[in-house]
Each structure stands twice: as structure tokens, then as C-alpha cells.
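The structure appears below as C-alpha cells.
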Amino acid sequence: MLANAITTFRTLLTLPLFAVLAFGGNAWLGLVLFLGCGALDVVDGQVARRLNQTSAFGGMLDLVGDRLLTFAAVAGLIVSGGLPGVHAVAGLVLIVRDLIVASLNEALPGKLGPRVSTLEMLKIAAAFIGLSLAITAPLSLFSAHQLAGWVLLWIAAVLTAITLLQYSMRALRAFAEK
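The sequence shown lines up with residues 148 to 325 when you count with my numbering.
Below, the structure written as C-alpha cells:
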């Protein structure tokens, strides 16, 4: 299935993304890989729907790719110093929430309601733009560039905590019904 091939390719691109961000020092290449993975995330979903190739496996593969993209970008930036000190915490909040939600979805398949709320979409946008700015901060002559990236990551972290609380409340209700 073409959609799953695109998703697999996107997922594999997270390995060079991490390497470039952590050790490569090439911000432009890091940005191209990061944005490329984001674009392929949109494309794989559209292809799956248009070609009627949606499947549980494809959905799971897409979630793995999404989580690995976040992990590769955050971990690469932490290793390289692009998310120093306390700002690394904002990135780690994104990763930890993904792990907890994945675990809850595994324990309670189909019980937590719609996967993507409006708040979740805002979190994704803030995280994606914030990480893009953090990746390209070494290229900027303006310190506000890096600051804007960090601020957006903190906004994403707060939204992440809120959406985690929402998921947790739904999970508690679902566990109580079991």
C-alpha cells in the first residue's frame, strides 16, 4: 500500500533528522528533514483516504511516525544544545505525553474518543513551529528567533499538559467502566 510506504519512509527519515540535529550542525538540512517529515505526514493520510487504503496498521504506523518525529527533533536539539537547560523540559513534556497517551490507547483501545481535538491541533501547530524555529536558530542573527521558538515550545508544553489531563480523565472513566 502506497500510503504505508510513504509513512514508513517518513518514519525512517527521523533517524537522519536526529543525527543531523544532534551531531551534524547543518540547520538547513535539519529543517528540510523536519518539514519534509511533516509534509509527508499530510501526504500519507491524503493518499490513504483517496486510494481507500486506510487501515488499523496504517493508523498505528502513522502514530509511530508522529511520535518518532517529535522524539528525534527534541532529542536532537537537546543533544546539540538547541534546547538548553529548562527549555529541554518543554520538549520532554511533549515526549512524555506521547508515551502516556500511547500507553492509554493501548490499554483502552477505542475508549478515549476522538484522537485530535482543537486544543490538540493548536498544540501540534505550536510544537511544529517552535521546533522549526529552534532548529533554525543557529542561522538567525536575531536572538528573538530562538526566543520565539522556546516560547512556542512552552505554549505547546502547556497545551500538552492540558490535553494529557483530558486524556487521563477519559481514561479514568473508561477504567471505571471495565
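Note that beta-carbon positions come from the ideal geometry of N, C-alpha and C, so glycine has one too.
Given the structure is predicted, the values throughout are model-derived calculations rather than measurements.
Rounded straight-line distance, which links the Cα of residue 229 to that of residue 241
Locating residue 241 in the sequence shown gives position 94, counting from the first residue. Locating residue 229 in the sequence shown gives position 82, counting from the first residue. So the two alpha carbons sit approximately 16 Å from each other.
Residue ranges of each alpha helix (DSSP H) run of no fewer than 4 residues wholly in the segment 167 to 229, ordered along the chain?
Complete alpha helix (DSSP H) runs here, min 4: 174 to 197, 203 to 227.
I want to check one thing, is the minimum distance from the CB of residue 269 to the heavy atoms of the ligand NAP below 8 Å?
By its list of ligands, the structure shown contains no ligand whatsoever, and the ligand NAP lies outside what it can speak to.
Three-state secondary structure assigned by DSSP to residue 263
Taking the sequence shown and counting its residues from 1, one reaches residue 263 at position 116. The answer is coil: DSSP assigns residue 263 none of H, G, I, E or B.
Residue from 269, 211, 309, 277 with nearest C-alpha to residue 294
If you number the sequence shown from 1, residue 294 lands on position 147. Cα-wise, what sits closest to residue 294 is 277.
Please tell me whether residue 181 and residue 216 are closer than 9 Å, where the distance is taken between their beta carbons.
Position 34 of the sequence shown holds residue 181. Position 69 of the sequence shown holds residue 216. For residue 181 and residue 216, yes; Cβs fall inside 9 Å.
Among residues of its own chain, excluding the 5 on either side of residue 275, which ones have a beta-carbon nearer than 7 Å to its beta-carbon?
Position 128 of the sequence shown holds residue 275. Same-chain partners within the cutoff: 185.
Own chain, CB closer than 6 Å to residue 201, minus 5 neighbours either side, in chain order:
Here residue 201 refers to the residue found at position 54 of the sequence shown. Hits under 6 Å: 195.
Opening and closing residue of the alpha helix (DSSP H) in which residue 287 lies:
Counting from one through the sequence shown, the residue named residue 287 turns up at place 140. Unbroken run through residue 287: none, as it is neither H nor E.
DSSP-derived helix/strand/coil call for residue 231:
Start at 1 with the first residue of the sequence shown, and residue 231 comes out as number 84. If DSSP states are grouped into helix, strand and coil, residue 231 belongs with coil.
Hey, could you find the ends of the alpha helix (DSSP H) residue 149 is sitting in?
As a first step, residue 149 is located in the sequence shown; it is residue number 2 there, counting from the start. In this chain, the alpha helix (DSSP H) harbouring residue 149 covers 149 to 159.
Cβ neighbour criterion (16 or more within 10 Å) applied to residue 175
Residue numbering aside, residue 175 sits at position 28 when the sequence shown is read from its first letter. That one is exposed.
If you reduce the DSSP assignment to three classes, tell me which class residue 258 lands in.
Numbered from its first residue, the sequence shown carries residue 258 at position 111. In the structure shown, residue 258 sits in coil (DSSP, three-state: anything other than H, G, I, E or B).
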